[in-house]
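There are 2 protein chains.
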Amino acid sequence: MPEYTLYCFAQSGNSYKVALMLTLAKADWQPRFVDFFNGETRTPAYRAINAMGEAPVLEHGELKLAQSGVILDYLTNQLHQFGPRNEEERREILRWTLWDNHKLTSYFATYRFLKLFAGQGDSPQAQWLHGRLLAALKVLDTHLSDKTYAIGTRITIADLSMIGYMYFADEIALNWADYPHVKAWTERIAALPGWKHPYDLMPGHPLPPKA
Amino acid sequence: MPEYTLYCFAQSGNSYKVALMLTLAKADWQPRFVDFFNGETRTPAYRAINAMGEAPVLEHGELKLAQSGVILDYLTNQLHQFGPRNEEERREILRWTLWDNHKLTSYFATYRFLKLFAGQGDSPQAQWLHGRLLAALKVLDTHLSDKTYAIGTRITIADLSMIGYMYFADEIALNWADYPHVKAWTERIAALPGWKHPYDLMPGHPLPPKA
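First to last, the sequence lines map onto chains A and B. All the letters of the first sequence, read from the start, carry residue numbers 17 to 227 under our numbering. All the letters of the second sequence, read from the start, carry residue numbers 17 to 227 under our numbering.
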C-alpha cells in the first residue's frame with residue numbers, strides 16, 4: 017500500500033495543490049476518489065473524516081489531515097521539499113498561503129463552481145465573485161512581475177497553494193493577456209518534470225452525463 | 017515610542033484580531049489609524065507598505081508584517097502566549113486559521129461590508145454571502161459544542177483569528193440562538209481580563225457623517 021492516500025477528485029483545485037506536490041516530489045501516494053458531485057462530502061461518514069466537509073484529506077499512517085494549507089506544510093517536513101529555509105521565508109509562505117485561501121483560490125473556486133457546475137455564471141453573485149477574482153489576479157500579477165516564484169527564485173508551497181485552480185482558467189474564459197506574469201508563472205510550473213494537469217492527476221474526470 | 021505599531025481601524029475585524037492579542041498579552045503597542053473609508057489602502061504610499069492593500073499591518077522595529085494570520089503567528093513567538101505547544105497543536109491552529117480566512121472571516125467581513133457600508137444588504141451577492149456565512153457558523157458551532165476554545169481548553173491564536181468579526185454580530189442581525197456554542201465562546205473571550213470591543217480598542221469609530 018502506498019505511503020500516502022489523498023482523498024480528492026479531479027475538479028478540486030484544492031486537492032490538486034497536494035496531488036501536484038506529491039507528484040513533483042515523487043512521493044509514494046494513491047488517490048482515493050471523493051464523490052463530491054453526488055454529495056459524499058455532506059455524508060456523516062465523510063464529516064467524521066473531515067468536520068469541515070471538504071476535500072482534500074491526506075491520510076498518512078494513523079494521521080488524517082484536512083485543509084490544503086495544513087497538508088502542504090506537513091509535507092514540507094515529510095518530503096524535505098518546497099518548504100521555507102528560514103524564518104523570513106516561513107512568514108512569506110504563510111502570508112501568500114493565507115492570502116490565497118482568502119482572496120485567490122476562494123474567489124476562483126467559487127466563481128468557477130457557480131459558472132460551470134451550477135449554471136449561474138451570469139448571476140449577480142457570480143459576477144461579483146468574478147470581479148473579486150480579477151482584482152486578486154492583478155495583485156498576484158504585480159507581485160510576480162519581478163519574481164520567478166511567489167517568494168523568490170525557488171518554488172515553494174506558496175506557489176503550490178496559489179496554482180490550485182490556474183489550469184482551469186480556460187473553463188472560466190480568463191483573459192491571460194491581462195495577467196502576463198501570472199501566465200508565465202503557470203507555464204514555468206507546468207514545465208517542471210512530472211507535472212500533470214489536474215484532470216490527468218486525479219480521478220473523476222470527465223463528469224458522467226446527467227441522468 | 018511603543019514597541020509595536022498596528023496599522024488598523026475600528027471597523028476592521030482583521031485588525032481587531034491583532035489588537036486584541038496585543039491587549040490581552042499586555043504588550044506595549046499603539047494604533048496607527050488607517051483611513052480605509054477614504055481610500056487610504058488604495059494609495060501608492062499604502063501599497064508600498066502592503067502590496068495586498070489590506071489592514072492590519074504590524075510594525076515592529078524594522079519589520080513590517082501583513083496578513084493577520086502571519087502577524088498572530090509572529091506574535092506568539094514574541095509574546096510567548098497563545099501559541100502551540102507541540103506539532104499537533106501547531107497544525108490544528110493552522111487548520112482553523114486557514115479555514116477562518118477562507119470561510120468565516122471572509123464571508124462575515126464581506127457580507128457586513130455590503131450590508132453596512134455599501135448599502136447592498138439585500139442584493140443577491142450579499143444574500144449569497146450571508147448563506148455561506150451561516151453555513152460556516154454552523155461548522156464552528158458544532159466544533160465548539162464540546163470545547164472551551166478552538167483547539168481545546170486553552171485560548172490560542174486560532175480563537176483570536178476566528179473572533180475577529182464576532183462582536184459585530186448585532187450589525188448584521190445575527191440570530192445567536194442558532195449558534196449557542198459560538199455565542200458562549202464569544203462570551204468567554206469577552207470575559208478575559210483586559211478585553212475590549214473593537215470600537216473601544218481601535219481608532220475611527222463612529223464614522224463621521226457623510227458630507
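Here a beta-carbon is modelled for each residue, glycine too, at the ideal position from N, C-alpha and C. Please read these numbers as outputs of a predicted model, since none were measured by experiment.
Nearest candidate by alpha-carbon position, reference VAL34 of chain B, set B:GLN83, B:GLY55 and B:GLU78: If we check each option's Cα against that of VAL34 of chain B, B:GLN83 comes out closest.
Under the three-state DSSP convention, the category ALA82 of chain A falls into: Three-state result, ALA82 of chain A: strand.
Members of the stretch 110-139 of chain B that neighbour chain A once the beta carbon cut-off is set at 7 Å: For chain A, the residues of the stretch 110-139 of chain B that bring a beta carbon within less than 7 Å of one of its beta carbons are LEU110, ARG111, LEU114, TRP115, ASN117, HIS118, SER122 and SER139, in chain order.
Boundaries (first-last residue) of the beta strand (DSSP E) holding GLU75 of chain A: Note, GLU75 of chain A: beta strand (DSSP E), 73-76.
Meets three-Cβ-pair contact criterion under 8 Å: the stretch 67-76 of chain A and the stretch 95-104 of chain B: Too few Cβ pairs lie closer than 8 Å, so no.
Exposure of GLN141 of chain A, with buried meaning 16 or more beta-carbon neighbours within 10 Å: By the Cβ neighbour-count rule, GLN141 of chain A is buried, with 16 or more other Cβ atoms within 10 Å of its own.
Residues bridged to THR164 of chain A [DSSP beta-bridge criterion]: Within the DSSP secondary-structure output, THR164 of chain A pairs in no beta bridge.
Cβ neighbour criterion (16 or more within 10 Å) applied to MET182 of chain A: It is buried - the Cβ of MET182 of chain A has at least 16 other Cβ atoms within 10 Å.
C-alpha distance - LEU145 of chain B paired with GLN143 of chain A, whole-angstrom precision: Straight-line spacing of the CA atoms in LEU145 of chain B and GLN143 of chain A works out to 13 Å.
Short CB-CB distance (under 9 Å) between ALA82 of chain A and chain B: With 9 Å as the cut-off, ALA82 of chain A counts as an interface residue toward chain B.
Enclosing beta strand (DSSP E) for THR21 of chain B [first to last residue]: For THR21 of chain B, the enclosing beta strand (DSSP E) stretches over residues 20-24.
ARG170 of chain B - DSSP class collapsed to helix/strand/coil: When secondary structure is reduced to three states using DSSP, ARG170 of chain B falls in the coil class, being assigned neither helix nor strand.
Where GLN27 of chain A meets chain B, residues with beta-carbon distance less than 9 Å: Residues of chain B whose Cβ lies closer than 9 Å to the Cβ of GLN27 of chain A do not exist, since the nearest Cβ in that chain is about 18 Å away.
Run of the beta strand (DSSP E) containing PRO47 of chain B, from where it starts to where it stops: Segment 45-49, the beta strand (DSSP E) holding PRO47 of chain B.
DSSP state of ASP138 of chain A mapped onto helix, strand, coil: It is coil, neither helix nor strand.
Beta-carbon proximity check, GLY29 of chain A vs PHE133 of chain A, cutoff 9 Å: Contact: no.
Member of B:CYS24, B:LEU36, B:ALA189 and B:GLN27 whose CA lies at the smallest distance from the CA of LEU208 of chain B: Of B:CYS24, B:LEU36, B:ALA189 and B:GLN27, the smallest CA-CA separation from LEU208 of chain B is found for B:LEU36.
Beta-carbon neighbours of GLY85 of chain B, restricted to chain A and to distances below 7 Å: Within 7 Å Cβ-Cβ: LEU110 and LEU114.
Cutoff 9 Å: GLN143 of chain B Cβ touching any chain A Cβ: Taking Cβ atoms only, chain A reaches closer than 9 Å to GLN143 of chain B, which makes this a yes.
Test: HIS197 of chain A CB closer than 9 Å to a CB of chain B: At a cut-off of 9 Å between C-beta atoms, HIS197 of chain A does not count as an interface residue with respect to chain B.
Straight-line Cα distance separating VAL155 of chain B from LEU22 of chain A: Their Cα atoms are separated by approximately 23 Å.
N-terminal and C-terminal residue of the alpha helix (DSSP H) that THR121 of chain A is part of: Judged by DSSP secondary structure, THR121 of chain A falls within the alpha helix (DSSP H) whose first and last residues are 121-128.
For ILE87 of chain B and GLU78 of chain B, the rounded distance between their alpha carbons: Taking the Cα positions, GLU78 of chain B is about 14 Å away from ILE87 of chain B.
Check whether HIS197 of chain B and THR158 of chain B have beta carbons under 9 Å apart: Yes, the Cβ-Cβ distance between HIS197 of chain B and THR158 of chain B is below 9 Å.
Residue-chain proximity (ALA174 of chain A, chain B), Cβ-Cβ < 9 Å: False, the Cβ-Cβ gap to chain B never drops below 9 Å.
Contact the stretch 109-124 of chain B vs the stretch 111-128 of chain A: 3+ CB pairs below 8 Å: The stretch 111-128 of chain A and the stretch 109-124 of chain B touch, with three or more beta-carbon pairs separated by less than 8 Å.
GLN27 of chain A, buried or exposed, once every other Cβ within 10 Å from all chains shown has been counted against 16: Buried: at least 16 other Cβ atoms inside 10 Å.
7 Å Cβ cut-off: residues of chain B touching ASP157 of chain A: The premise fails here: ASP157 of chain A is roughly 11 Å from chain B at the closest Cβ pair, so nothing lies under 7 Å.
Neighbour flag for ASP194 of chain A against chain B, beta carbons, 9 Å: False, the Cβ-Cβ gap to chain B never drops below 9 Å.
Cutoff 9 Å: TYR90 of chain A Cβ touching any chain B Cβ: Yes, TYR90 of chain A counts as interfacial toward chain B.
Proximal residues to THR92 of chain B (C-beta, below 7 Å), its chain only, five neighbours per side dropped: Result list for THR92 of chain B: PHE98, GLY99 and ILE173, in chain order.
For LYS199 of chain B, three-class secondary structure by DSSP: In the structure shown, LYS199 of chain B sits in a helix (DSSP, three-state: H, G or I).
Beta-carbon neighbours of ALA35 of chain A, restricted to chain B and to distances below 9 Å: Residues of chain B passing the Cβ test: none, with the nearest at roughly 18 Å.
Backbone CA spacing between ILE109 of chain A and ILE167 of chain A [nearest angstrom]: The alpha-carbon atoms of ILE109 of chain A and ILE167 of chain A are separated by roughly 7 Å.
As assigned by DSSP and simplified to three states, the class of THR59 of chain A: Collapsing the DSSP output to three states places THR59 of chain A in coil.
GLY220 of chain A classed as buried or exposed, judged by whether at least 16 other C-beta atoms fall within 10 angstroms: So GLY220 of chain A ends up on the buried side.
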